[in-house]
């Protein structure tokens, strides 16, 4: 539950004694000290309101030129206190506006209804003359509030079909375009509360970055702002204006807007999920996951650390597989040669989790060391005939992943000048020995735990000899068991058998069973 820093603006009609400006009439009666030039813009957008006896309140959400989010509630003051509001006791209205920075609004996922809900629950917004006087004379309103982040859709009061929900989503998605075209959606309902509730339920269908453009004014009767100044205007009657796109809520008459482009990754996913659920209520728990993934891709950042619902990750990937795979591929090529990526790419699903694939694709970055681990496993388990060992060796040395460097130093025949593969091999063995992981690596090289041995990477007799010699040089001959013992039986070079036997006999620290296997070999002669 983030702490949100807020500033306040209160606008109403007061008598001179309650005016900071020294005159009676409508004016800003309170503003937080931190506010400046934006006051004029806020005052312009809140000063027109039709006082009514039907308790038709107005809620607004808009942005200042200084990139501050403003949330207002306008109420009618019927037969107000003559000493405070108007000595003639004429009906008046009061507006309380909350002003929040762009950064703090982002903390609540750009959700204006989370702000309204938190303010209402705290009884923060001025509702009567007594509260107004308390703010003016006793203590100003607080400027730090806790705002719960909404992650689920509020239940809809009316039943909306999937097609209607899809259209409404597209209306929200079109908010920036409507603003550019100087147009607004005119929502028409018997009471502004119906508009407020519908917006509260459906605005959360949009990912947080898109909600910021969905500005609204829920009640504009006799106080019509210019079209395009808000994404949505609410009213209880129709208005004849070609720049207003009518939307009759009671009759579920929704305007079908012309789409631009092919739709975002989130839009494609949302449409797919919507068509596969039985009811709107099933979306309540699933949308948050889709929005988290979509926002990560849009902002080019990794997914959050907490576990996400696997089923929703699968559905997001399935709908956007082509784009995700392309971004994943591009991220891998930033750390390793393209031809290695091309070779390993079809097998990656077996070596990397969906969450890690999505993280890499979203952020566009890849850990070279983690990729080296994957390439190592891929080479051990799937690539018996890989040819590009020079590139593998270069990559392994760059990211300092020793098991891969050991394997590549055995296999590579690099044209690099002054490159000593034997020295690299010895250094790798020493590093693995010190880390205590050398037995595991030897099991990778020579073990038979894999069922499909025909595709398993095989070391040639001479390469096996290189490994054994490196172990003996590091006084680690005791590790030549039992997978190494088994490998001895398949040796086909008499020269290698004799050389290994000679080296093993000369060593003071070699597994007896390894030496015995060499001496028992059919190619060994005493």
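Residue numbers (my numbering): -14 to 511.
Backbone N, C-alpha and C define an ideal beta-carbon position, used for all residues, glycine too.
Please identify the residue among 370, 164, 365 and 291 whose C-alpha is closest to the C-alpha of residue 344.
291
Between residue 390 and the rest of its own chain, which residues show a CB-CB distance below 8 Å, the 5 nearest in sequence each way excluded?
378, 381, 382, 409 and 413
Buried versus exposed, by CB contacts within 10 Å (16 or more), residue 330
exposed
Of the residues 259, 293 and 24, which one's Cα is nearest the Cα of residue 51?
24
Smallest Cα separation from residue 203: which of 172, 420 and 98?
172
Looking at residue 1: is its Cβ nearer than 9 Å to the Cβ of residue 11?
no
Give the straight-line distance between the Cα atoms of residue 133 and residue 61, rounded to the nearest whole angstrom.
28 Å
For residue 328, three-class secondary structure by DSSP:
helix
What three-state label does DSSP hand residue 172 in the structure shown?
strand
Cβ-based neighbour list, residue 286, same chain, cut-off 6 Å, excluding 5 preceding and 5 following
348
Tell me whether residue 249 counts as near the ligand GDP, meaning its Cβ is closer than 8 Å to at least one heavy atom of that ligand.
In terms of ligand content, the structure shown is empty, and the ligand GDP therefore cannot be addressed.
If we count the other Cβ atoms within 10 Å of its Cβ and call it buried at 16 or more, is residue 455 buried or exposed?
buried
Pull up the DSSP beta-bridge partners for residue 46, would you.
56 and 201
Just the Cα atoms here: how many angstroms apart are residue 497 and residue 466?
9 Å
Could you name the residues that DSSP lists as bridge partners for residue 451?
Bridge partners of residue 451: none, in fact.
On the CB-based measure, 16 or more other CB atoms within 10 Å of its CB, does residue 161 come out buried or exposed?
exposed
Ignore the nearest five residues each way along the sequence and tell me which others in residue 195's own chain have a CB closer than 6 Å to its CB.
none
Rounded C-beta distance between residue 55 and residue -3? I'm assuming under 8 Å.
The Cβ separation is near 17 Å, so there is no contact.
Alpha carbon to alpha carbon, how far is residue 531 from residue 276?
Absent from the structure is residue 531, since the part of the chain shown begins at -14 and ends at 511.
Are the Cβ atoms of residue 371 and residue 396 separated by less than 9 Å?
yes
Can you tell me whether DSSP reads residue 524 as helix, strand or coil?
Because the chain here runs from -14 to 511, residue 524 falls outside it and cannot be looked at.
Indicate the three-state DSSP secondary structure (helix, strand or coil) for residue -8 in the structure shown.
strand
For residue 313, collect the residues of the same chain with a Cβ closer than 6 Å to its Cβ; drop the 5 residues on either side in sequence, then sort them by chain order.
342, 345 and 346
Quick check: residue 152 and residue 239, are their CB atoms within less than 9 Å of each other?
yes
Residue 362, DSSP secondary structure in three states:
helix
Give the straight-line distance between the Cα atoms of residue 192 and residue 181, rounded to the nearest whole angstrom.
19 Å
Give me the Cα-Cα distance between residue 299 and residue 256, rounded to the nearest whole angstrom.
15 Å
Using DSSP with H/G/I as helix, E/B as strand and the rest coil, what is residue 85?
strand
From residue 135 to residue 374, what does the alpha carbon distance come to, in whole angstroms?
52 Å
Residue 463 to residue 393 span [Cα, whole Å]
24 Å
Taking the alpha-carbon of residue -9 as reference, which of -1, 109 and 68 has the nearest alpha-carbon?
109
Taking just the CA atoms, how far does residue 416 sit from residue 491?
24 Å
Please return the same chain residues whose Cβ sits closer than 8 Å to the Cβ of residue 446, not counting the five positions on each side in sequence.
476, 477, 478 and 481
Should residue 334 go down as buried or exposed, given a rule of 16 or more other Cβ atoms within 10 Å for buried?
exposed
Is residue -5 near residue 82, with beta carbons less than 9 Å apart?
yes
Whose CA, out of 251, 170, 177 and 185, lies closest to the CA of residue 225?
170
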